[in-house]
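Note sheet for the following structure.
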Amino acid sequence: MAHAITVDIAPKPWTGRSDGLSPEHLRWHQVVQPHSANIPPGDCLLIGFSSDEGVRRNKGRRGAAHGPAALRSALSSMALAEPLVLQDAGTVVVSGENLEAGQTALGTAVCTALDDGHFPVVLGGGHEIAYGTYLGVAGAALRAPNTVLGILNLDAHFDLRADLIPSSGTPFCQIAEDEAAADTSHRYAVVGISQPSNTTALFDTAHDLGVTYLLDDQCGVGDRHHVEHFLDGFLDSVDIVYLTIDLDVLPASVAPGVSAPASYGVPMETIQYVCDRVAKSGKLVVLDVAELNPSLDIDNRTARAAARLIHRVVTKHVPFTHPL
Numbered sequence: 025m026a027h028a029i030t031v032d033i034a035p036k037p038w039t040g041r042s043d044g045l046s047p048e049h050l051r052w053h054q055v056v057q058p059h060s061a062n063i064p065p066g067d068c069l070l071i072g073f074s075s076d077e078g079v080r081r082n083k084g085r086r087g088a089a090h091g092p093a094a095l096r097s098a099l100s101s102m103a104l105a106e107p108l109v110l111q112d113a114g115t116v117v118v119s120g121e122n123l124e125a126g127q128t129a130l131g132t133a134v135c136t137a138l139d140d141g142h143f144p145v146v147l148g149g150g151h152e153i154a155y156g157t158y159l160g161v162a163g164a165a166l167r168a169p170n171t172v173l174g175i176l177n178l179d180a181h182f183d184l185r186a187d188l189i190p191s192s193g194t195p196f197c198q199i200a201e202d203e204a205a206a207d208t209s210h211r212y213a214v215v216g217i218s219q220p221s222n223t224t225a226l227f228d229t230a231h232d233l234g235v236t237y238l239l240d241d242q243c244g245v246g247d248r249h250h251v252e253h254f255l256d257g258f259l260d261s262v263d264i265v266y267l268t269i270d271l272d273v274l275p276a277s278v279a280p281g282v283s284a285p286a287s288y289g290v291p292m293e294t295i296q297y298v299c300d301r302v303a304k305s306g307k308l309v310v311l312d313v314a315e316l317n318p319s320l321d322i323d324n325r326t327a328r329a330a331a332r333l334i335h336r337v338v339t340k341h342v343p344f345t346h347p348l
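Add 24 to a position in the sequence shown, counting from 1, and you land on the number used in the numbering used here.
Okay, structure coming up:
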């Protein structure tokens, strides 16, 4: 039996352009339903995470708390090549400065969704979303003993700071600490690291933790073979995958609406290719998207780019099946 998912803001009706009701005219807003324990798992379950407390703590530009609403709006009129079963569970809200409680609530929501057989897509919110999403995966039944968790981060930053106060810059350090304490195994890989945006100390931490990464200038359109080789090695080394997209991995011309726009960035073509490969791997169990700040966006460019990536992952996703 499916279970209720606890959120702070219930899902709201979706609206958008309508060209007709037949299958060849369908758009997201016409098929998204409020999550219900009576609806069987489908192709995607959306969970919002309204937070920019982690960005504030990381001394970034606030506004990512409005990301979930902007992402839903950008997704609403996207056309579907074929009908899908899409549900919206609503939004977890970080109240004031209580980030940790919000991350715990998000973890519970993601865990419930996974245990009920859904494919959760979490809409952020700052990149502090990552620790909440991880808590959900770590507690889910599919994280069986000896299961190697792969975390693939599309990001200009490692987010491996070892600060005493958690923020949007610390989630993957927190995850590494939790994994070590639980004596479980995970692989953390990053596509799009900007050398000028990460100190030598962060590169040293990545090395000490066995993090694999590609620099942004190794991810051009002409570097497809290099990116493919990197993905092959990562996917072959893990059992399940958590994909997290920090939108500041994209060039500022594509994604201006983030706390730290990229001066160089990874081309949309490369990020889209990575998303396609991971979605089709049969190992992807959860996706989250972070750092959209609508107040800094220009012509909704960032929201539209993010929505396209979410759309591709959802429509190309091959569901994970437990090994017999």
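No residue lacks a Cβ here, since even glycine has one placed at the ideal position from N, Cα and C.
CA-to-CA distance, residue j to residue i, given in whole angstroms
i    : j    : result
S101 : D312 : 20 angstroms
P37  : P58  : 8 angstroms
E1   : V245 : Because the chain here runs from 25 to 348, residue 1 falls outside it and cannot be looked at.
S97  : T39  : 8 angstroms
L308 : V262 : 10 angstroms
G114 : P190 : 25 angstroms
V3   : Q242 : Since the first and last residues shown for the chain are 25 and 348, residue 3 lies out of range.
D202 : H49  : 46 angstroms
V145 : G306 : 16 angstroms
P275 : N62  : 42 angstroms
Beta carbon of residue i nearer than 8 angstroms to that of residue j
i    : j    : result
V310 : V161 : yes
F73  : I153 : yes
L159 : P92  : no
D183 : G174 : no
L320 : P280 : yes
D228 : A180 : no
G141 : P220 : no
Element boundaries [alpha helix (DSSP H), containing residue i]
i    : result
D312 : D312 -> not in any alpha helix (DSSP H); beta strand (DSSP E) instead, spanning L308 to A314.
D264 : Checking the sequence shown, residue 264 turns out to be Ile, not Asp. First-last for I264: I264 to D270, but that is the beta strand (DSSP E), not the alpha helix (DSSP H).
S97  : G91 to S100
Q242 : Run containing Q242: none; DSSP gives neither H nor E here.
D300 : M292 to A303
Y288 : Neither: Y288 is in no alpha helix (DSSP H) and is coded neither H nor E.
V416 : The requested residue 416 is not part of the displayed model; the chain covers only 25 to 348.
L166 : Per DSSP, L166 belongs to no alpha helix (DSSP H) and is neither H nor E.
Residue interval of the beta strand (DSSP E) (run including residue i)
i    : result
F196 : Not the beta strand (DSSP E): F196 falls in the alpha helix (DSSP H), residues P195 to A206.
Y237 : T236 to L239
G120 : No beta strand (DSSP E) contains G120, which DSSP labels as neither H nor E.
G148 : P144 to G148
Strand pairing of residue i, partner residues [DSSP]
i    : result
Q111 : Q57 and L69
Y212 : I175
I33  : T115
S75  : According to DSSP, which records beta bridges pairwise, S75 is partnered with nothing at all.
R51  : A103
Helix, strand or coil at residue i [DSSP, three-state]
i    : result
S221 : helix
S319 : helix
V161 : helix
D139 : helix
A327 : helix
D183 : coil
Any C-beta of chain D under 8 angstroms from that of residue i
i    : result
A165 : Considering every chain present, this structure includes no chain D. It has just one protein chain.
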